[in-house]
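**Student:** One structure, as structure tokens, below. Some questions next.
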Amino acid sequence: MKTAVLASGVIALGLIGAAGGYLVGDLTQPTSASANNEYPTGGDSPPDVPLPKKTAEPYPKTPLSAAKLRYHTENFTIRDKSGAQVPLSIRAPRGWQLTRDPKAPQEVKFLDPLKERGIRVESALPESLTTSDSMQRLIAGLESSQPYENDLKILSQDEQIEIEGTSRTAATLIYTYIPKKTLRYVIVAWVSTRGDDLATVEMSITGLPQDATALKALLAEATKSVTVRDY
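Using full-length UniProt numbering, the letters of the sequence shown correspond one by one to residues 1 to 231.
If you want it as structure tokens, here you go:
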């Protein structure tokens, strides 16, 4: 059985379903009606006004080092939404803990010792999307779900990447946002492992801006190694 797989970052999935919030850049200035306290009658309330953008607090810890990352193969099994088992293999950093939530059998997480960086691997929905379409869907979800004050910024989006000469088709999105106090740096990659342009794996890697070089190295290792083992 061939099952598409979603490997989603520590926070990326939660962003899609986040409640409330304005599109980034929307409603930054009051309308003329609201500025003059002129609102429609009939019990309508004044429109919500977004909070100002957050200012990220510095993170004093040592940045993640790409040179110090050592990888090993992790084999594990998750369940898709139908309950079927999906056996996976991926090369993850040594010392990063594989964790499971009994309430979420469709996913596993790999977390660094500080729990500041991580990867999430999750079973995908049954529909087949191209790597590019998958990326555009996430961008739309982020922009519709993230409150203005979280300062979402799309840093780059590439529709094709090449990892050390491999022929896998992949799309990559990099963005930052401030969910609480620190600025988070997120890389999401959609990879086709079957030689076509349909995304079978999505990998999200989350950390801090100062970790960018190491996170990109981790992305490269994960992209070329991730495998659905019953293919």
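Here a beta-carbon is modelled for each residue, glycine too, at the ideal position from N, C-alpha and C. Predicted model, so just to flag it, every value in this text is computed and none were measured.
#1: One question on the structure: do A56 and T182 come within less than 8 Å of each other, judged by their Cβ atoms?
#2: By the 10 Å Cβ neighbour count, where 16 or more other Cβ atoms means buried, how is A140 classified, buried or exposed?
#3: On the three-state DSSP scale, how would you describe K68?
#4: Using the Cα positions of P87 and Q106, report the straight-line distance between them to the nearest angstrom.
#5: In whole angstroms, give me the CA-to-CA distance for L155 and L173.
#6: Take Y71 as the anchor and find which of T193, A217 and V228 has the nearest alpha-carbon.
#7: How big is the Cα-Cα spacing for A170 and A199?
#8: So does L114 have its beta carbon nearer than 7 Å to some heavy atom of the ligand GDP?
#9: In whole angstroms, what is the alpha-carbon distance linking R120 and I90?
#10: Buried or exposed: where does A84 fall if 16 or more other Cβ atoms within 10 Å of its Cβ makes it buried?
#11: If you scan the region 156-228 from start to end, which runs of the beta strand (DSSP E) of 3 or more residues do you find wholly inside it?
#12: Could you tell me which residues DSSP puts in a beta bridge with Q136?
#13: Roughly how far, in whole angstroms, is the beta-carbon of P209 from the beta-carbon of E149, given that I think they are within contact range, below 8 Å?
#14: Could you give the DSSP three-state label for L142: helix, strand or coil?
#15: One question on the structure: do T223 and R168 come within less than 8 Å of each other, judged by their Cβ atoms?
#16: How big is the Cα-Cα spacing for A220 and S192?
#17: Please name the residue, chosen from M135, K180, A67 and G95, that lies closest to I187 on a Cα-to-Cα basis.
#18: For the beta strand (DSSP E) holding V108, just list the boundary residues, first then last.
#19: Considering only C-alpha positions, which residue in the set L98, P50, P63 and K61 is nearest to E122?
#20: Use the C-beta contact count for S204: other C-beta atoms within 10 angstroms, 16 or more gives buried, fewer gives exposed.
#21: Report the residue from G95, R100 and S65 whose alpha carbon sits nearest the alpha carbon of T77.
**Tutor:** Concretely, from the data shown:
#1: yes
#2: exposed
#3: helix
#4: P87 and Q106: Cα-Cα distance of roughly 11 Å.
#5: About 8 Å.
#6: Per the Cα distances, A217.
#7: Spanning the two alpha carbons is a distance of roughly 8 Å.
#8: As presented, the structure is devoid of all ligands, the ligand GDP included, so that no description of it is given.
#9: 11 Å
#10: By the Cβ-count criterion, A84 is exposed, with fewer than 16 other Cβ atoms from all chains shown falling within 10 Å of its own Cβ.
#11: 170-177, 184-191 and 201-207
#12: Per DSSP, none; premise fails for Q136.
#13: Not really, about 18 Å apart at Cβ, beyond 8 Å.
#14: Three-state result, L142: helix.
#15: yes
#16: 14 Å
#17: M135
#18: E107 to L111
#19: L98
#20: buried
#21: It is R100 whose Cα lies nearest to the Cα of T77.
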